[in-house]
Amino acid sequence: MKGVVFVEFLKMVEAEHGLDMVDDIIEQADVPSGGAYTAVGTYDHKEMVDLVVSMSKITGVPTGELLSAFGSYLFSSLANAHPVFMDGARDALDFLEKVETYIHVEVRKLYPDAELPTFECERQPGGKVLHMIYSSSRHLEDVCDGLIQGCLKWFHSDAEVERQPLEGGRELFIIKTS
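Residues in the sequence shown are numbered consecutively from 1, following full-length UniProt numbering.
In structure tokens, the structure reads:
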């Protein structure tokens, strides 16, 4: 997993809970990197899992909620850092449709070793419903949910998101806009 994900997670923890919490979760998780991450580095995704589990134990917030909150935070952070990716998207569904075919293509140019999830998107007749299938060996569906929520917030979209687990570590997100 790219270091930018770890860096952003720790920024979120610090912004919401302070630097002492960052130190506490790193110490409790006892991750191999010691919590020293660089944005361009690559780290075992299990370290992220360990950090989130540690934070959950300390705060009492379920890991799924933490991962979803992080996904929403991450979307906003990445959108602000890379506004060019937001260009041309009329709304949240337009943006989500281009994650796999445009954004991930560009990410792979910068980071050829990046192990990204895949997204299969299909806009339903009428244009207000998107079926998005998330697939990753890391099973971070809750982060994906948060990214979708962050995208909807970014575009000021009123929408419902339904989740349906699928076989093979995949999850269907049905995003219905008004």
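Beta carbons are placed, not taken as given, at the ideal position from N, Cα and C, and that holds for glycine. Quick caveat: nothing in here was measured; it's all calculated off a predicted structure.
Once you ignore the five residues that flank S157 on each side, which residues in its own chain have a CB closer than 7 Å to its CB? D91, A92, T177
Hey, how far is the Cα of K11 from the Cα of Y111? 22 Å
Tell me which residues share the same chain as V53 and place their Cβ nearer than 8 Å to its Cβ, disregarding the 5 neighbours each side in the sequence. For V53, where only same-chain residues beyond five positions count, the Cβ hits under 8 Å are A29, T63.
Would you identify the three-state DSSP class for F6, choosing helix, strand or coil? helix
In angstroms, rounded to a whole number, what distance separates the CA positions of V143 and S68? 5 Å
Can you name the residues that DSSP bridges to E122? H131
Among I25, K98, Q124, nearest to K57 - alpha-carbon criterion: I25
Residue from M1, G127, L19, D50 with nearest C-alpha to T41: Note on residue identity: the sequence assigns Gly, not Thr, to residue 41. The shortest C-alpha separation from G41 is found at M1.
Ends of the beta strand (DSSP E) at T59? First-last for T59: 45–59, but that is the alpha helix (DSSP H), not the beta strand (DSSP E).
Three-state secondary structure assigned by DSSP to R108: helix
Contact check, P32 vs E47 under 8 Å by CB: the rounded distance? 7 Å
Report buried or exposed for L166, applying the criterion of at least 16 other Cβ atoms within 10 angstroms of its Cβ. exposed
Give me the Cα-Cα distance between residue 190 and H131, rounded to the nearest whole angstrom. In this structure the chain extends from 1 to 178, so residue 190 is not present and cannot be described.
Assumed close pair G3, Y43 - CB separation to whole angstroms, cut-off 8 Å: In this structure G3 is in contact with Y43, their Cβ atoms being roughly 6 Å apart against a cut-off of 8 Å.
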